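Written below as structure tokens is the structure these notes are about.
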Amino acid sequence: LYVGTLTGVYASLDGGQSWSASSQGPANISVNQLAWFDTSNPDQPVLQAATDGRGAWLGSPAYNPTPTLTSLSPNQLTLDASASVVTLNGNGFVGNSGVTLDGAPLADTYQSATQLQVTIPAATLAVSGTHTLVVSNPIPGGGISAGANLTVAYPPPTVSSLSPAAAAMGGAAFTLTVNGSGFQPVSKVQWNGSALTTSYVSGNTLTASVPAADLASGGYATVSVVTPAPGGGSASASFAVDYPAPILSAISPTSAQGGASSATITATGSNFVPVSTIDWNGKALE
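Each residue of the sequence shown is one higher than the one before, starting from 1 at the first, in UniProt numbering.
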């Protein structure tokens, strides 16, 4: 018989009645079967090793849980931003949990069993779109979480000025310059909700072709810059389509009898529009 202790290996030749230090040690027994069993508690698996008639051993090695990824904070980053930290929230995270971004490994920092942190590189933020983050735990146990989406979004546009800021009613087609910020190659200029042919100049400037038909009526037009999703949005400014100055050439009649209850006056001239009025001593007549 052999027995191992903290001070060495001892042998007994009389069935355990007496013991002496041994320089040999126990027999080297090969394991012929090795099996892994899950018990009713999946967090406590059992490892079983069997030899040729000399016994079997059971063990419960450390078992990593399957991670669950519930959310990202933030879950949206702005296009062309610098490298940014994102926190992954969930449970079942371990010290050697791994994170992938669209299937490629991404270095992560373990915070707790419910949080990991990663840094999204600036190169990923150079193009708009949606990316998928996944957490994995190694064996024994372990597994892969469901993915969580991270959006790289266009910034919202702003409009600061229009050039020109006004045009005459009935005028010819012209090129409108829109100044602001957050403009993208996919941004479009709209005139009262209808898209204009738009050219991207820079993140601060767009130009658009305004047809003569849009100047057929006077008043105020709404000029908008619209950037599509992801992110994006719209911003607007007013553009004045100026009425022409009226020209009065004659009125009829040119006089009326005093004390009359009313008189109808006809004004003759040019550049009259539906909103033009005849004023009498500064007061509009009906």
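No residue lacks a Cβ here, since even glycine has one placed at the ideal position from N, Cα and C.
From a predicted model like this one, the values you see are computed outputs, not experimental measurements.
* To do: Starting from the C-beta of THR268, find all residues in its chain whose C-beta is less than 6 Å away, skip the five residues before and the five after it, and write them out in chain order.
  => In the sequence shown, counting from the first residue as 1, residue 268 sits at position 268. Excluding positions up to five away in sequence, the list reads SER249, ALA250.
* Chain-order list of residues whose beta-carbon lies under 7 Å from that of TRP280 (same chain, five-residue window excluded) -> In the sequence shown, the residue the question calls residue 280 occupies position 280. Within the same chain, no residue comes within 7 Å of TRP280 by CB-CB distance, once the 5 residues on both sides are set aside.
* **As assigned by DSSP and simplified to three states, the class of LEU125** => Counted from its first residue, the sequence shown places residue 125 at position 125. Note: LEU125 maps to helix in three-state DSSP.
* Asked: Hey, which unbroken runs of the beta strand (DSSP E) at 3 residues or more fall wholly within the UniProt domain "IPT/TIG" (67-147)?
  -> 68-73, 76-78, 84-91, 98-101, 104-106, 108-112, 115-120, 129-137
* Is DSSP giving ASP214 helix, strand or coil here? -> The count along the sequence shown starts at 1 and reaches residue 214 at position 214. Three-state result, ASP214: helix.
* State yes or no: is the C-beta of PRO67 within less than 8 Å of the C-beta of GLY143? => Start at 1 with the first residue of the sequence shown, and residue 67 comes out as number 67. Start at 1 with the first residue of the sequence shown, and residue 143 comes out as number 143. Yes.
* **Among VAL134, GLY170, GLN76, nearest to ASN271 - alpha-carbon criterion** => As a first step, residue 271 must be located in the sequence shown, where it is residue number 271. The shortest Cα separation from ASN271 among VAL134, GLY170, GLN76 belongs to GLY170.
* To do: Would you check if there are 3 or more beta carbon pairs closer than 8 Å linking the segment 192-205 to the segment 167-183?
  => The count of Cβ pairs closer than 8 Å, one atom from the segment 192-205 and one from the segment 167-183, reaches three, so the stretches are in contact.
* Considering THR222, what are the terminal residues of the beta strand (DSSP E) in which it resides? -> In the sequence shown, the residue the question calls residue 222 occupies position 222. Unbroken beta strand (DSSP E) run through THR222: 219-227.
* Contact set for THR130: own chain, Cβ-Cβ below 6 Å, skip 5 residues either direction -> For this step, residue 130 is matched to residue 130 along the sequence shown. Within the same chain, THR130 has close Cβ partners ASN149, THR151.
* Does the distance from the C-beta atom of LEU77 to that of ILE120 stay below 8 Å? -> Start at 1 with the first residue of the sequence shown, and residue 77 comes out as number 77. Start at 1 with the first residue of the sequence shown, and residue 120 comes out as number 120. A contact, by the Cβ cut-off of 8 Å.
* Assigned secondary structure, GLY258 (DSSP; H/G/I helix, E/B strand, else coil) -> In the sequence shown, residue 258 corresponds to position 258, counting from 1. The three-state secondary structure of GLY258, taken from DSSP, is coil.
* To do: Quick one: grab the DSSP three-state call for ALA17.
  => Along the sequence shown, read from residue 1 onward, the residue named residue 17 stands at position 17. This sequence places Gln at residue 17; Ala is not what is there. Note: GLN17 maps to coil in three-state DSSP.
* To do: Could you name the residues of the same chain whose beta carbon sits closer than 7 Å to that of VAL186, not counting the 5 residues immediately before and after it, in chain order?
  => Along the sequence shown, one-based indexing puts residue 186 at 186. Excluding positions up to five away in sequence, the list reads THR227, PRO228.
* Cβ atoms of ASN137 and ASN64: under 8 Å apart, would you say? -> Looking up residue 64 in the sequence shown gives position 64. Looking up residue 137 in the sequence shown gives position 137. Going by C-beta atoms, ASN64 is nearer than 8 Å to ASN137.
* Taking THR158 as part of the beta strand (DSSP E), name the residues at either end of that continuous run. => To locate residue 158, count along the sequence shown from 1; it is residue 158. Residues 158-163.
* With which residues is TYR200 paired in a DSSP beta bridge? -> Walking along the sequence shown from the start, residue 200 turns up at place 200. In the DSSP output, where bridge partners are listed per residue, TYR200 has LEU206.
* Option nearest SER199 by Cα separation, candidates TRP191, THR87, PRO230, LEU176 -> Within the sequence shown, residue 199 is the residue found at index 199, counting from 1. Closest by alpha carbon: LEU176.
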